[in-house]
Amino acid sequence: MEWKTEAPKKQVGVTWVLELIHAIVITHTIYYYSVIRYGDRRAVLELTTAGDIAVFMTAIIGPAVQGFYAHRIYILSSHWIIPAIVWLLCFLRFMSTLTLGAITRGTLDTLASQHEWQWLFVTTLVLSASTDVLITASLCYYLWPHRGATFRRTKTIIDKLILWTIETGLLWDNNPADPGEEHSHTSASAAHSLEVLRGRGLYLDGTLLDKYSLYVLMWMTFA
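The opening position of the sequence shown corresponds to residue 292 in the numbering used here, with each subsequent residue numbered one higher.
Laid out in structure tokens, this is it:
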């Protein structure tokens, strides 16, 4: 099968490489906190170089994948309104993540000891969730008419796209997990720092690989 452009292939390849780097630095960060600094409550207030790199990777990967979805929405709808909104949200998320990373570079003590920047942390999470919800709703809306395809195989692919879109776009964003409850044995500041770690992308996102499966399948189907 020939493609109109090599750009989608290159974008997928670059994203996978970035995610590999992200997974490596995340693994190192988790090992540092859970093994090297095991039992040290103050350790969570520090960020390793790997942690800083993970934040930078998160700032790039998230908006890049969401931006790809925005282009898919344009391909399906032939309208720029929703894609433009998604791209704007992606840019705002990129900037807020970088800003949050710059503020807490090398240490989480600033955010752990005061609530001055809590609004930025919340804003970053809201931007990410809002973008995913908008993408999910738009893709489901524009994919649904394609279910009337003549070929059963094509209809099956469309059904999978809709299902995976809902699974990776909505269910994950409404995860009610509360790091403060899960780590009640730590001090209040440490628990808050764990929330910051999560917001800065220092926890493994279990849906990333699922999103990339959807990412590639959509690229193959609607490129």
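For glycine and all other residues, C-beta sits at the position ideal for the given N, C-alpha and C.
Taking all protein chains shown into account, residue 412 has 16 or more neighbouring C-beta atoms within 10 Å of its C-beta and is therefore buried. Within the same chain, and ignoring the five residues on either side of residue 334 in sequence, the residues whose Cβ sits closer than 7 Å to its Cβ are 324 and 328. Under the three-state reduction of DSSP, residue 407 is assigned to coil, being neither helix nor strand. Within the segment 293-379, there are no complete beta strand (DSSP E) runs of at least 3 residues. Below 8 Å, enough C-beta pairs join the segment 424-433 and the segment 365-385 to call them touching: three or more. Proximity to residue 341 across 391, 313 and 308 peaks at 313, based on C-alpha coordinates. The beta carbon of residue 373 lies closer than 6 Å to those of 364 and 429 in the same chain, with the five residues before and after it left out. Short of 7 Å from the beta carbon of residue 352, and not among the five residues preceding or following it, lie these beta carbons of its own chain, in chain order: 306, 309, 310 and 313.
If the five residues before and after residue 421 are omitted, its C-beta is found closer than 7 Å to the C-beta atoms of 380, all from its own chain and listed in chain order. Check the Cα spacing between residue 387 and each of 357, 337 and 418: the tightest is with 418. Ranked by Cα distance from residue 304, the first of 371, 359, 318 and 370 is 359. A check of alpha carbon separations from residue 366 across 297, 298 and 433 identifies 433 as the nearest.
When rounded, the separation of the alpha-carbon atoms in residue 368 and residue 332 is 51 Å. Between the alpha carbons of residue 396 and residue 435 lies a distance of about 44 Å.
Closest in C-alpha terms to residue 391, from the list 370, 357 and 349, comes 349.
Under a 10 Å Cβ-count criterion, residue 356 is classified as buried, with 16 or more other Cβ atoms of the shown protein chains found around its own Cβ. DSSP, read as helix, strand or coil, puts residue 422 in helix. Counting only the Cα atoms, residue 330 lies some 45 Å from residue 299.
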